[in-house]
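To start, the structure itself, in structure tokens.
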Amino acid sequence: MPTSETRENESGARPRTARQARHGTRPPPHGASGPRRRTAPGQVIRSPWKPDGGGWGGAMETGAERGGLSSGVPRVTNVWPPAPPTVGGARLPSEDAQSALCGPVALCSRRPRDPLTACVPPPAVTWLASNTKRYREASLPLGRFSLPSFRLPSLLSSSHSTLLVHKPAFTLSTWSSLCVQHSIAVTTLGLEPEPRNMKPSVPGGVLQICEMITIFWIWGICLSVCCCLWLILGLRRRRMGEPPLEKGWIPYLGCALQFGANPLDFLRANQRKYGHVFTCKLMGKYVHFITNSLSYHKVLCHGKYFDWKKFHFTTSAKAFGHRSIDPRDGNTTENINNTFNKTLQGDALISLTDAMMENLQLTLRRPEPKSRAWVTEGMYSFCYRVMFEAGYLTLFGRELTRQDAQRAFILNSLEDFKQFDKVFPALVAGLPIHIFMTAHNAREKLAEGLKHDNLRTRDHISELIRLRMFLNDTLSTFDAMEKAKTHLAILWASQANTIPATFWSLFHMMRSSEALKAATEEVNKALEDADQQINFEGKPIHLNQTQLNDMPVLDSIIKESLRLSSASLNIRTAKEDFTLHLEDGSYNIRKDDIIALYPQLMHLDPEIYPDPMTFKYDRYLDENRKTKTTFYSKGLKLKYYYMPFGSGATICPGRLFAIQEIKQFLILMLSYFELEFVDSHVKCPPLDQSRAGLGILPPLNDIEFKYKFKHL
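According to UniProt numbering, the residues represented by the sequence shown are 1 to 712, in order.
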């Protein structure tokens, strides 16, 4: 009785069985499957591979049909579409088919690299067709030899040297490996192949090498053409009336590497070469440097041609990860400059200064001192920790019921801030933060702590942050994380330059015995006039705004410290083509070009500041020990002689608060502690030039100092 597997319908097509219907396969063509005990000319045997590398499929036909081979020897041919893998007429499951690939009669690897025409030895075919179960059992031990990449030609060419076999172009090492695998398989099954020398196909390897060389040549020619077009069409040429142009020798970067290595030396060299005004290509931008301090006020007179917001807002969005806060971009209608002026000057500055004084003492007096033993610490690390914690509490408030947890949170935020601030120069240069995964994660954690839901649980939040929270919620389309990142920008602006400025002020004051003596006398007199007592059990020290402003010695120490360490870059972008009129001539400026002032050139000019590299605590004091405001260059009085905080519309809105908090820190350090350097002959550490252009440069290395409490 014929079964459904062997019956044919009237049209000659074989119906699908139930199992074939479940698996979505079709029955093989007529005469392509079924148990065959013997092979005869014209017979077809299924092969579990498709010779074009697409998977299972194909069949074997005997040599009599193709000619050129002995009768009865089957040869592989294509059958498409592919049929399920069969052995002796029975369809194998996938695991059996995979196991069959490791056996000695496997027709090829599962996905051969190229079509092969190979012959199967009659004894192996007969044995496979006669007993499928025995074949499975015999192939299992071979699996442990891991021969999934074993190819049929390597076995057949060595076992039946009389057969015509096409071998792919393998390397000599690959052929040697296949020979070893074949020896294992033959030894296991007891086959005795005839020896045959296997050699790599030299022509095939040469063709592959030629193809690769051709591809490389094509890409090289295309790249060369693009570079030539860029050089011809993309290079900027100096026009009539424009400043001298220094393009550099590196495409796009221009002079960025030389400028970043040492901006001061780079600008001085170009000043000697080109004069007081010259243009440099930096990171694809053309920057016009004005190096004559007498021309600074002339630059600021052209304010109607400048757009100072574009660069700052773009940099903020790029570095902190929020959308643009420029009202012209439609994300918010807040005027951020007006917000700063309202909350960082006048009465708002008084409350902010009082809060900072309280938080500084809270930080310095914790933990409660129990002995007068000396404590040794890095001075920069000490200033970083104290100023960050006090500044964070002043701006973003305190949690009065969870002070221990709050301190742990702020210390964690301090470490995250260091990681983020470390890569900030690279972010300003245009690199994406995602290539700095540690800094990116640190930024996200900092922003998470500044979300509005977290800020609303704190007390004594500054007027600045309260107003910004309200304006963000009512005037912007920012989401919760973007609002937090705008607060992160304020946190960075309040800390990144204040911390190194505090370090340099303390360092230079301690290093100069005259400065330390004069500052101590001024602080003691101010505390005595304010009737303030220094002790750890009573009330904190409090000095009002008037008393703080009437301390010219500390003012001069801070100014001189910032003069020696500031490297800010005052930038303005041209909104249109215009002519810039200066003291030494007029220059044509193109739209989107950048006008830059580098005040360090002026701060270290020996004509303005004699012996400029030496710290002089009284440099900004006149004969009456009052603040000095008159400085000259080439016999002319300078309108701008001190610019660590910028100038004009781009001047730092928090500069007054920054000076006050540094002054408060110095007052408390002189009041509460005895201070000494570990090395009595300490040298001034070099400046970290990697942050040039961002403001106050930190020290390249820390300085060890020791302190102990007074009045215990």
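Just so it is clear, CB atoms sit at the ideal spot from N, CA and C, and this is done for glycine as well.
Source: prediction; values computed, not measured.
Sorting 280, 275, 237 and 264 by C-alpha distance to the C-alpha of residue 255 places 280 at the top. Considering only 642, 315, 616 and 500, the residue with the shortest C-alpha distance to residue 599 is 642.
Where residue 558 is concerned, the enclosing alpha helix (DSSP H) starts and stops at 552-565. Taken in chain order, the complete alpha helix (DSSP H) segments of 4 or more residues contained in the segment 401-430 are 403-422 and 424-428. Nearest neighbour of residue 592 by Cα position, chosen from 250, 227, 286 and 210, turns out to be 286. DSSP, read as helix, strand or coil, puts residue 377 in strand. With contacts defined as CB atoms closer than 9 Å, residue 389 and residue 414 qualify as a contacting pair. Distances from the CA of residue 588 to each of 239, 228 and 209 were compared; the closest alpha carbon is that of 239. By the neighbour-count criterion, in which 16 or more other beta carbons inside 10 Å mark a residue as buried, residue 383 falls on the buried side. For the options 220, 700, 581 and 336, the alpha carbon positioned closest to that of residue 475 is the one of 336. Residue environment: residue 291 is assigned as buried (16 or more neighbouring CB atoms within 10 Å of its CB, all protein chains considered). Cβ contact annotation for residue 478 (same chain, cutoff 8 Å, sequence separation greater than five): 322, 323, 331, 332, 472 and 486, in chain order. Within the segment 271-298, the runs of beta strand (DSSP E) that reach at least 3 residues and sit entirely inside it are, in chain order, 277-282 and 285-290. Of the residues 379, 550, 274 and 699, the one whose Cα lies closest to the Cα of residue 675 is 379. Contact annotation: residue 313 and residue 326 have beta-carbon atoms nearer than 9 Å. Annotation: residue 572 is outside any alpha helix (DSSP H); the continuous beta strand (DSSP E) that includes it extends over 570-574.
In the displayed model, residue 528 falls within a helix according to three-state DSSP. Exclusion of the five residues before and after residue 552 leaves 621, 625, 626 and 627 as the residues of its chain whose Cβ lies within less than 7 Å of its Cβ. In the DSSP assignment, the residues bridged to residue 677 are 705.
In the DSSP assignment, residue 651 is bridged to no other residue.
Rounded to whole angstroms, the gap between the alpha carbons of residue 316 and residue 296 is 26 Å. Beyond the five residues adjoining it in sequence on each side, residue 298 comes within less than 7 Å, by CB distance, of 581, 582 and 583 in the same chain, given in chain order.
294 is the residue among 294, 690 and 221 whose C-alpha sits nearest the C-alpha of residue 635. Per DSSP, the beta-bridge partners of residue 587 are 580. Your pair residue 664 and residue 349 does not check out as a contact, with CB atoms roughly 13 Å apart and the cut at 8 Å. Between the segment 482-497 and the segment 443-452 there are three or more inter-stretch CB-CB distances shorter than 8 Å, so the stretches are counted as touching. In the structure shown, residue 316 falls within a helical segment according to DSSP collapsed to helix, strand and coil. Contact annotation, residue 709 with residue 372: C-beta distance approximately 6 Å; criterion of less than 8 Å satisfied. For the pair residue 364 and residue 669, the Cα-to-Cα distance works out to about 9 Å. When the alpha-carbon of residue 697 is set against those of 644, 276, 534 and 607, the nearest one is in 644. Bounds of any beta strand (DSSP E) do not take in residue 693, whose DSSP letter is neither H nor E.
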